[in-house]
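Undergrad:
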Amino acid sequence: MSTYDVARMRGDADAIFGAAVHAVDAEQCVKSFVSMDGNVLMIDGQGYDLGDFDRVVAVGAGKATPRMARALESVLGDRISTGLINTKYEHTEPLSHIETIECGHPVPDLPGVEGTNRILGLLEAADVRTLVICLLSGGGSAILPAPAEGISLEDKQETTRLLLSCGANIVELNAVRKHLSRVKGGGLARSAFPATVVALMLSDVIGDPLDVIASGPTVPDSSTYKTCSDIFSKYELTDSLPPSVAERLRLGLAGEVSDTPKPGD
Numbered sequence: 532m533s534t535y536d537v538a539r540m541r542g543d544a545d546a547i548f549g550a551a552v553h554a555v556d557a558e559q560c561v562k563s564f565v566s567m568d569g570n571v572l573m574i575d576g577q578g579y580d581l582g583d584f585d586r587v588v589a590v591g592a593g594k595a596t597p598r599m600a601r602a603l604e605s606v607l608g609d610r611i612s613t614g615l616i617n618t619k620y621e622h623t624e625p626l627s628h629i630e631t632i633e634c635g636h637p638v639p640d641l642p643g644v645e646g647t648n649r650i651l652g653l654l655e656a657a658d659v660r661t662l663v664i665c666l667l668s669g670g671g672s673a674i675l676p677a678p679a680e681g682i683s684l685e686d687k688q689e690t691t692r693l694l695l696s697c698g699a700n701i702v703e704l705n706a707v708r709k710h711l712s713r714v715k716g717g718g719l720a721r722s723a724f725p726a727t728v729v730a731l732m733l734s735d736v737i738g739d740p741l742d743v744i745a746s747g748p749t750v751p752d753s754s755t756y757k758t759c760s761d762i763f764s765k766y767e768l769t770d771s772l773p774p775s776v777a778e779r780l781r782l783g784l785a786g787e788v789s790d791t792p793k794p795g796d
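If you count the sequence shown from 1, you need to add 531 to reach my numbering.
#1: So, helix, strand or coil for Ile664, using DSSP?
#2: So, helix, strand or coil for Asp575, using DSSP?
#3: Helix, strand or coil for Glu630 per DSSP?
#4: Taking DSSP's pairing of strands, which residues face Asp568 in a bridge?
#5: Just the Cα atoms here: how many angstroms apart are Ala656 and Ala544?
#6: Within the same chain, show all residues whose beta-carbon is closer than 6 angstroms to that of Ile611, passing over the 5 residues directly before and after it, in chain order.
#7: Candidates Arg781, Leu693, Val663 and Cys759: which alpha carbon is nearest Pro725's?
#8: Do you know whose CA, among Asn570, Leu666 and Cys759, lies nearest Asn705's CA?
#9: Figure out for me which residue from Val728, Glu767 and Thr755 has the closest Cα to the Cα of Gly698.
#10: Whose CA, out of Ala673, Asp790 and Leu695, lies closest to the CA of Tyr620?
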C-alpha cells in the first residue's frame, strides 16, 4: 500500500468521523425539528400558536442540553420568557435568555439540587397559558436531582454509588432514581400541570425508551417500587441501603406512598 493510499484512507476516515459528529450535534438536531412559521412554533410538524400562551418557559438537564438551548434560542429569541437548565461542570454554552447551573455527574451534588428546586419553582408558577419546553439529554438523571420527601442528598448519592459499583445497567439505575425523586418518572410534567409541556430529548439509551432517557421527567413511568425491590435483591443490596431509602421502598411496596405517574395519569 502506497503512502498516497494511506493518506487518502486517513482523509476518508476523518471525513466520515466529522460527518457523524455533525449529524448528532445537539444544536443541529434541535434545529432539524424546531422552527417558526409566523407566530406558530413548529416542533416535528406539530404547531403551537404562541398567541395561545402568555409565557414560554425553557427548562431542562443534561450534558448536551446547553447546545440544545442554543438552538432553541436561535429559533425563539426573546419569545422565551424565562429559562433555566442544569448541566455538567464545564459543559456550558453562551446563552442569552436561558440561565445555566453547573452541577455534578454521575453522582448528584448540592448545586444540582439547588438548580432543580429553582426549575420546579418556575414550573409550579406555570398555568394553562404557559408553554413549557423541556430539553433533556444524557446525564439528565444525575444532573436533575430532587430527592423525595424524607431522603437526603447524601442518601441518594450513596444509593447511586452502590448501583454503579455493582454493575447495574442504565435501565435499572434509572428505575431506582425515579422512585427516589420528585421530578423523575413523570414528576416534572406533574409539577408543570396545567401548562402545556413539550419535551425534546436526545437519547443516549439503546432503543430510545422515553421513560429511561434522563429518567423520563416528562413521560409516564413503566417501573414500580416492585421493580426497585427486585433490582436491590438481584445485586444483594437490600441490607446495604441507607435507612431512608429502605423506608421509602417499604412504604412504596405497601402502597403508603404514591408510585410515579403511569399512562393515563
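Each residue gets a CB set at the ideal place from its N, CA and C atoms; glycine is no exception.
TA: Looking at the coordinates:
#1: strand
#2: coil
#3: Correct three-state label for Glu630: strand.
#4: Beta-bridge pairing links Asp568 to Val571.
#5: 50 angstroms
#6: For Ile611, same chain residues with a beta-carbon under 6 angstroms away, outside a window of 5 residues either side, are Val587, Ala589 and His628 in chain order.
#7: Val663
#8: Cys759
#9: Nearest C-alpha to Gly698: Glu767.
#10: Ala673
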